[in-house]
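In what follows, a single structure is set out as structure tokens and then discussed.
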Amino acid sequence: MAGSNPNAKPMNLTLNVWRQPNRQAKGKIVEYHVKDISPDMSFLEMLDVLNEDLLHTNQDPVAFDHDCREGICGSCALFINGRSHGPEKGTTTCQLHMRKFSDGDTITIEPWRASSFPVNKDLSVDRSAFDRIIQAGGYVSVNTGGAPDGNEIPIPKEISDRAFEAATCIGCGACVAACKNASAMLFVSAKVSQLALLPQGNVERKTRVENMVAQMDKEGFGACTNIGSCAAECPVGISLENIAILNREFLAAKATSNNLA
Amino acid sequence: MLLDSKLPEGPLAEKWDKHKFNVKLVNPANKRKYDVIVVGTGLAGASAAASLAELGYNVKAFTYHDSPRRAHSIAAQGGINAAKNYQNDGDSVFRLFYDTIKGGDYRAREANVYRLAQVSVNIIDQCVAQGVPFAREYGGLLANRSFGGAQVSRTFYARGQTGQQLLLGAYSALSRQIAYGKVKMYTRSEMLDVVVVDGKARGIVTRNIITGEIENHAAHAVVLATGGYGNVFYLSTNAMYCNVTAAWRAHKKGAYFANPCFTQIHPTCIPVSGDYQSKLTLMSESLRNDGRVWVPATKEIAERLRKGEITATDIQEDDRDYFLERKYPAFGNLVPRDVASRNAKLMCDEGRGVGSTGLAVYLDFADIIKRTGAEAVSQKYGNLFAMYEKITDENPYKLPMRIYPAVHYTMGGLWVDYNLQTSVPGLYATGECNFSDHGANRLGASALMQGLADGYFVIPYTIGDYLAQTPPTPVSVDHPAFAEAKAGVQARTETLLAIKGNRTPDEFHKALGLIMWEYCGMARTEKGLLYAKAEIQKIKKAFWSDVKVVGTGEEMNQALEKAGRVADFIELGELMVDDALNRNESCGGHFREEYQTPEGEALRDDENYAYVAAWEYQGENQPEKLNKEELTFENVKLTQRSYK
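Right, dumping it as structure tokens:
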């Protein structure tokens with residue numbers, strides 16, 4: 020009945036954690052043991068327990084990115100037992116709870132593995148490539164102050180809802196980590212679709228998709244071979260349909276390009 | 088000392104227009120000669136950085152995150168208010184102003200709040216133009232919903248992810264300016280000091296979180312958009328990294344800290360489940376539109392629930408007490424946050440709380456599910472229900488949610504004048520980081536409004552007034568004040584690493600949080616506050632002799648980052664207690680048990696406390712000096728708030 024289930028027994032776990040002091044250093048898997056883990060803990064709270072133990076025994080705590088712990092900021096990025104964000108579908112690492120594991124389990128925890136996401140330290144990676152892709156065109160070019168009244172741009176609810184669904188991407192990078200090619204197509208397509216669906220995005224529609232795809236390639240992300248693991252592992256359910264929209268947008272843009280270069 | 092808030096003369100509705108005309112302008116060709124630092128890239132920071140860069144200023148923006156898009160604004164769920172009156176239900180700029188002043192229990196500045204209501208309409212237009220996918224009606228127009236503390240529908244939303252969509256809008260505008268080279272973006276950079284040269288803010292000191300490098304950055308003006316300090320309570324709905332350090336360092340460099348005891352306890356959060364808990368999760372206030380709050384009518388029934396002998400659905404209608412509907416028939420479940428929170432606490436204090444700890448009340452959706460079906464409810468609140476189930480392992484479509492109040496927002500913050508300038512010339516504060524618009528209690532869907540109002544529509548005008556009076560000579564970090572500030576930051580880092588004590592930063596943080604929650608939380612007494620003050624001083628002493636951080640300063644070191652933040656929280660905690668002790672009245676989120684009406688409502692003392700308490704730092708371990716800004720109300724009548 021209560022938040023803490025009285026019948027749930029604490030667990031003892033073995034953790035295989037990727038340790039790497041900095042970007043240049045070579046990393047390795049190190050084994051740790053944690054005890055009395057409550058099934059109601061989140062995965063990150065379990066790592067907090069490990070880190071407090073490490074600190075108390077004069078060992079360097081494991082660095083990992085996290086912030087909101089509500090599944091929306093996109094900071095947390097752990098590759099758990101070979102899956103982006105672990106075993107639970109549609110869930111970020113911070114919202115994964117230990118009740119999904121069993122007493123005695125061994126859990127392997129790695130950072131996102133993609134050459135476009137170099138490791139900062141341990142489980143923390145550099146995802147600035149995503150920012151640079153957005154900077155290449157993931158916006159509508161409107162300065163503050165010149166906007167017409169909000170209701171002057173009516174948008175059918177169905178279209179608006181679809182744009183919203185694409186716009187809910189949290190930029191965590193799980194799609195890249197899940198893809199055998201380390202492709203960023205799902206991430207890029209979510210932004211391209213959102214703005215291609217909406218009338219506000221129409222003016223820059225062609226240059227946007229061309230420039231964002233060019234930047235994606237420049238960052239060294241792999242090609243898409245239609246496997247679909249990106250969408251399967253996406254914690255917020257960004258649909259594979261967006262990649263189809265991206266491909267269509269890209270072809271149309273290339274065929275009738277506004278880019279003079 | 089009485090503070091000058093630089094309010095423009097004239098009738099309320101004309102103040103902002105007049106002020107915009109009277110402020111000095113920097114001509115377009117000269118704007119590129121000015122550098123502006125913006126710290127923080129949430130709604131208030133990203134919108135300011137983008138808008139200032141669009142105007143032509145050179146902006147340097149800083150965030151400790153790996154990307155500007157991660158700022159905690161992203162987690163705001165419910166919505167953003169605007170006085171559009173699209174629903175034809177009687178809304179207006181004046182009504183939004185009035186609701187906000189009243190909701191804040193008459194402890195905010197009239198002129199600021201009116202301006203906020205005025206520009207609220209522009210925010211919606213701007214966000215729509217950026218491609219923010221707000222909820223829409225079938226006819227294609229924007230949809231609204233109602234929120235606590237208002238009787239009109241003026242809240243714009245994007246399902247339960249409004250903050251995310253608004254932040255991504257501001258982030259896209261910021262990204263565009265980064266691409267143009269007008270904003271230089273510094274990620275993973277934590278601000279650790281403000282540099283003041285000849286009495287004016289001229290730059291900041293940062294630490295690169297990846298390399299540990301301490302850096303100086305110079306500019307003609309500095310804008311802090313660094314959020315609130317709710318994490319002083321350890322457990323709050325704030326993100327884990329949220330902290331007071333930037334604001335606190337500014338405070339120590341001369342910026343007054345206003346009304347620090349005004350903190351908001353949000354009524355609808357998922358209750359604490361264990362002592363390992365690292366944060367609390369909010370369930371949006373929008374749920375109170377359709378959810379009904381109740382507890383069992385008697386202690387005996389509550390007791391059986393807590394033991395697990397019965398479940399919520401076993402309890403008959405007659406044995407339920409829908410206490411908000413009973414006590415406040417006019418507003419019902421939509422009373423403001425402070426009222427809803429306090430009543431939930433009262434029920435639990437009476438022994439009628441639910442859950443194994445007895446520190447929870449029900450938020451029940453059975454009626455609306457019966458009326459409209461689970462599918463319709465899922466359309467509106469699907470993501471919130473899913474989040475609730477993930478965390479609690481209970482299905483809110485079948486069992487009522489258990490909720491309890493939790494720290495959510497801080498109305499207090501750096502004191503700013505009408506121009507959003509702090510008491511240090513050239514240093515500005517926007518968004519939750521300042522104190523200005525919400526008085527003693529913030530209404531739902533007003534934080535996003537204020538952050539974006541400050542960043543898109545206020546600071547671009549008011550900072551020009553200061554810059555126009557500052558020579559456009561190039562800035563540099565050569566002044567000795569930079570070297571001094573940098574040395575101070577380095578020395579502090581070394582001190583934290585050298586203590587090599589036995590208790591982790593987190594353990595100190597938890598100890599502080601427990602004291603703050605118990606004695607400076609939902610209800611406060613003189614006795615409790617005095618006790619808290621002594622305890623906090625003990626924690627401070629223990630911290631500086633017994634904190635444990637391993638590793639070095641020249642690497643990514645999250646324990647070191649945390650230690651620095653906790654040290655500042657401890658000092659802030661003491662100031663909050665001082666402020667709560669000073670304010671011998673109850674207002675909004677500040678409830679002093681000694682001051683209440685016979686019905687248990689907050690009892691203000693307008694004669695003696697209708698002022699902003701702006702605290703001035705006096706040096707290490709010295710009591711802070713209280714400066715007052717009198718609040719005058721010419722357009723609203725001060726009344727006992729009633730939501731009955």
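As you go down the protein sequences, you meet chains C and D in turn. Note that this note's numbering has the first sequence beginning at 20, numbered continuously upward. Note that this note's numbering has the second sequence beginning at 88, numbered continuously upward. Note that beta-carbon positions come from the ideal geometry of N, C-alpha and C, so glycine has one too.
Residue from the options whose Cα sits closest to the Cα of residue i
i	options	result
C:V222	D:S729, D:K635, D:Q217 and D:G526	D:Q217
D:L253	D:Q213, D:E681, D:Q238 and D:G268	D:Q213
D:Q734	D:V309, D:T324, D:A621 and D:L311	Nothing can be reported for residue 734 of chain D: it is not among the residues displayed for chain D, which extend from 88 to 731.
D:K715	D:R407, D:R670 and D:T726	D:R670
D:E300	D:V292, D:H307 and D:A306	D:V292
D:P347	D:G500, D:D362 and D:T298	D:G500
D:A647	D:K597, D:A574 and D:T580	Ala is not the amino acid found at residue 647 of chain D; the sequence shown has Leu there. Ranking the options by Cα distance to D:L647, first place goes to D:T580.
C:A263	C:V36, C:H75, C:W37 and C:N245	C:N245
C:F136	C:S147, C:P167 and C:I126	C:S147
D:L718	D:D524, D:S154, D:P558 and D:G551	D:D524
D:P115	D:Y698, D:G227, D:L554 and D:V281	D:L554
Cα-Cα separation, residue i to residue j
i	j	result
C:S23	D:T444	Reliability fails at C:S23, whose pLDDT of 44 lies under 50, so the model's placement of it is uncertain and no value is given.
D:D655	C:A82	22 Å
C:D236	C:C95	25 Å
C:P40	C:L214	40 Å
C:A21	C:I56	At C:A21 the pLDDT is 37, less than 50, meaning the model places this residue with poor confidence; the figure from the coordinates comes in the next sentence. Straight-line Cα distance between these residues: approximately 18 Å.
D:K107	D:L142	15 Å
D:V284	D:A568	6 Å
D:A463	D:G469	9 Å
D:A619	D:F221	44 Å
D:A306	D:I546	16 Å
D:D665	D:S276	32 Å
D:I397	D:M609	30 Å
D:Y730	D:G190	10 Å
D:A585	D:E519	34 Å
D:L599	D:E680	22 Å
D:T400	D:Y484	12 Å
D:A493	C:N170	36 Å
C:G247	D:A342	53 Å
Local Cβ density within 10 Å of residue i, reported as buried at 16 or more and exposed below that
i	result
D:E197	buried
D:Y193	buried
C:L32	buried
D:Y267	exposed
D:Y496	buried
D:R815	Only positions 88 to 731 of chain D appear in this structure, which leaves residue 815 of chain D out of reach.
D:G166	buried
C:V159	buried
D:R429	buried
C:V49	exposed
D:D707	For clarity, residue 707 of chain D is Glu in the given sequence; the question names Asp instead. Under this definition D:E707 is an exposed residue.
C:S103	buried
D:S138	buried
D:K111	exposed
C:S5	There is simply no residue 5 of chain C to check, as chain C begins at 20 and stops at 280 in what is shown.
D:Q248	buried
Three CB pairs or more closer than 8 Å across the stretch 178 to 190 of chain C and the stretch 229 to 242 of chain C: The stretch 178 to 190 of chain C vs the stretch 229 to 242 of chain C: no contact.
Any 3 or more C-beta pairs closer than 8 Å across the stretch 335 to 344 of chain D and the stretch 506 to 523 of chain D: Yes, since at least three Cβ pairs between the stretch 335 to 344 of chain D and the stretch 506 to 523 of chain D fall closer than 8 Å, the two stretches touch.
The stretch 550 to 562 of chain D touching the stretch 526 to 533 of chain D, judged by at least three CB pairs closer than 8 Å: Proximity of the stretch 550 to 562 of chain D to the stretch 526 to 533 of chain D falls short of the contact definition, fewer than three beta-carbon pairs being nearer than 8 Å.
Three-pair Cβ contact test at 8 Å for the stretch 689 to 698 of chain D versus the stretch 360 to 380 of chain D: In short, these stretches do not touch, since the Cβ pair count stays below three.
Length-filtered (4 minimum) alpha helix (DSSP H) runs lying within the stretch 106 to 164 of chain C: Taking 4 residues as the minimum length, the alpha helix (DSSP H) runs contained wholly in the stretch 106 to 164 of chain C are 147 to 154, in order along the chain.
Three or more C-beta pairs below 8 Å linking the stretch 124 to 138 of chain D and the stretch 244 to 261 of chain D: A contact exists between the stretch 124 to 138 of chain D and the stretch 244 to 261 of chain D.
Completely contained alpha helix (DSSP H) runs for the stretch 585 to 659 of chain D, where each covers 4 or more residues: As for any alpha helix (DSSP H) of minimum length 4 sitting wholly inside the stretch 585 to 659 of chain D, the runs are 592 to 606 and 613 to 633, ordered along the chain.
Validate contact between the stretch 201 to 214 of chain C and the stretch 174 to 189 of chain C using beta carbons, cut 8 Å, 3 pairs: A contact exists between the stretch 201 to 214 of chain C and the stretch 174 to 189 of chain C.
Any alpha helix (DSSP H) of 4 or more consecutive residues that is wholly inside the stretch 388 to 476 of chain D: Here the runs fully enclosed are 410 to 414, 424 to 436 and 453 to 459.
At least three beta-carbon pairs within less than 8 Å, the stretch 168 to 183 of chain D to the stretch 229 to 243 of chain D: They touch, by the three-pair rule.
The stretch 631 to 649 of chain D / the stretch 585 to 594 of chain D touching (three or more Cβ pairs under 8 Å): Because the criterion of three Cβ pairs below 8 Å is met, the stretch 631 to 649 of chain D and the stretch 585 to 594 of chain D touch.
Complete beta strand (DSSP E) runs within the stretch 175 to 251 of chain D (minimum length 3 residues, chain order): Listed in chain order, the beta strand (DSSP E) elements of length 3 or more contained wholly in the stretch 175 to 251 of chain D are 240 to 243.
Any beta strand (DSSP E) of 3 or more consecutive residues that is wholly inside the stretch 468 to 546 of chain D: Listed in chain order, the complete beta strand (DSSP E) runs (minimum 3 residues) inside the stretch 468 to 546 of chain D are 488 to 497 and 514 to 516.
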